[in-house]
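Novice: Mind having a look at this structure? Questions to follow.
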Amino acid sequence: AGNVSPVSLSPVACRPCNDTELLMAVCTSDLVVKGFIKSVTHDRAHGESRVEVSALHVLRQKDQVFSPVRGGGGGGGGDGGTGRTGRAMGTLRTPLRCGVRPGDGAFLFTGSLHFGEAWLGCAPRYRDFRRVYRAAHAARRHMCEVDVD
Numbered sequence: 024a025g026n027v028s029p030v031s032l033s034p035v036a037c038r039p040c041n042d043t044e045l046l047m048a049v050c051t052s053d054l055v056v057k058g059f060i061k062s063v064t065h066d067r068a069h070g071e072s073r074v075e076v077s078a079l080h081v082l083r084q085k086d087q088v089f090s091p092v093r094g095g096g097g098g099g100g101g102d103g104g105t106g107r108t109g110r111a112m113g114t115l116r117t118p119l120r121c122g123v124r125p126g127d128g129a130f131l132f133t134g135s136l137h138f139g140e141a142w143l144g145c146a147p148r149y150r151d152f153r154r155v156y157r158a159a160h161a162a163r164r165h166m167c168e169v170d171v172d
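To get the working numbering, take the position in the sequence shown, counting from 1, and add 23.
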């Protein structure tokens with residue numbers, strides 16, 4: 024048994040979130056970040072994959088999962104990883120069996136903290152999240168306000 028995540032025990036952990044689950048995750052997750060996948064590493068010994076994310080916009084985080092990049096020179100400026108702009112890096116874990124691989128473009132990453140480790144929740148492409156959120160907002164079905172621009 025050993026180091027098994029609570030997330031990995033869920034039979035739905037690997038499937039994409041539907042629109043309702045996505046809207047709920049954006050409002051209730053421990054962390055919500057717009058960013059890019061920098062790398063994915065697989066740890067067979069622990070049965071997990073680690074997704075390194077370069078964050079463009081940290082919408083929310085309960086802990087310092089995403090830390091500002093020092094000396095990046097990108098002109099983004101450090102904001103402690105909790106503000107609206109700047110570049111921050113963080114790692115999200117997911118069950119190995121999910122087969123996560125790098126993808127191009129921006130994503131919206133949601134996740135939860137379990138014993139100090141961040142586990143990936145919903146992770147749609149950012150353009151898909153914006154479409155879902157804007158439709159829900161227009162129909163007054165959104166559960167919280169989110170800056171999607």
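For each residue, glycine too, the CB sits at the ideal point set by N, CA and C.
May I have a chain-ordered list of the beta strand (DSSP E) segments no shorter than 3 residues that lie completely inside the segment 98 to 168?
Specialist: For the segment 98 to 168, whole beta strand (DSSP E) runs of length 3 or above, ordered along the chain, are 111 to 118, 130 to 137 and 140 to 143.
Novice: So is Thr43 buried or exposed if we call it buried at 16+ other beta carbons inside 10 Å?
Specialist: Here residue 43 refers to the residue found at position 20 of the sequence shown. Flag for Thr43 reads exposed.
Novice: Are Arg110 and Glu71 close, meaning C-beta to C-beta below 7 Å?
Specialist: Your numbering for residue 110 matches position 87 in the sequence shown. Your numbering for residue 71 matches position 48 in the sequence shown. In this structure, Glu71 does not lie closer than 7 Å to Arg110 by Cβ.
Novice: Leaving out the 5 sequence neighbours to the left and right, which residues in its chain are closer than 7 Å to Val123 when beta-carbon positions are compared?
Specialist: Residue mapping note: residue 123 aligns to position 100 of the sequence shown, counting from 1. Cβ neighbours of Val123 beyond the five flanking positions: Val63, Ser72, Val74 and Thr117.
Novice: So, with DSSP's three-state summary, where would you put Val81?
Specialist: Residue numbering aside, residue 81 sits at position 58 when the sequence shown is read from its first letter. Correct three-state label for Val81: strand.
Novice: Determine the contact status of Val132 and Ala146, defining contact as a CB-CB distance below 7 Å.
Specialist: Sequence index remark: in the sequence shown, residue 132 carries index 109 (1-based). Sequence index remark: in the sequence shown, residue 146 carries index 123 (1-based). Looking at the sequence provided, one finds Phe at residue 132 rather than Val. Yes, they are a contact pair.
Novice: Grouping DSSP H, G and I as helix and E and B as strand, with all else coil, what is Cys37?
Specialist: Within the sequence shown, numbered from 1, the residue matching residue 37 stands at position 14. Here Cys37 sits in coil by DSSP.
Novice: Nearest-angstrom Cα distance between Cys121 and Leu46?
Specialist: Position 98 of the sequence shown, counted from the start, is the residue given in the question as residue 121. Position 23 of the sequence shown, counted from the start, is the residue given in the question as residue 46. Using only the alpha carbons, I get a separation of about 22 Å.
Novice: Which residues mark the beginning and the end of the beta strand (DSSP E) in which Asp66 is found?
Specialist: As a position in the sequence shown, residue 66 is number 43, starting the count at 1. From DSSP, the beta strand (DSSP E) with Asp66 extends over Leu54 to Asp66.
Novice: Mind reading off the beta-carbon distance from Phe130 to Gly58? Whole number of angstroms is fine, and I expect it under 8 Å.
Specialist: Position 107 of the sequence shown, counted from the first residue, corresponds to residue 130. Position 35 of the sequence shown, counted from the first residue, corresponds to residue 58. Confirmed, about 7 Å.
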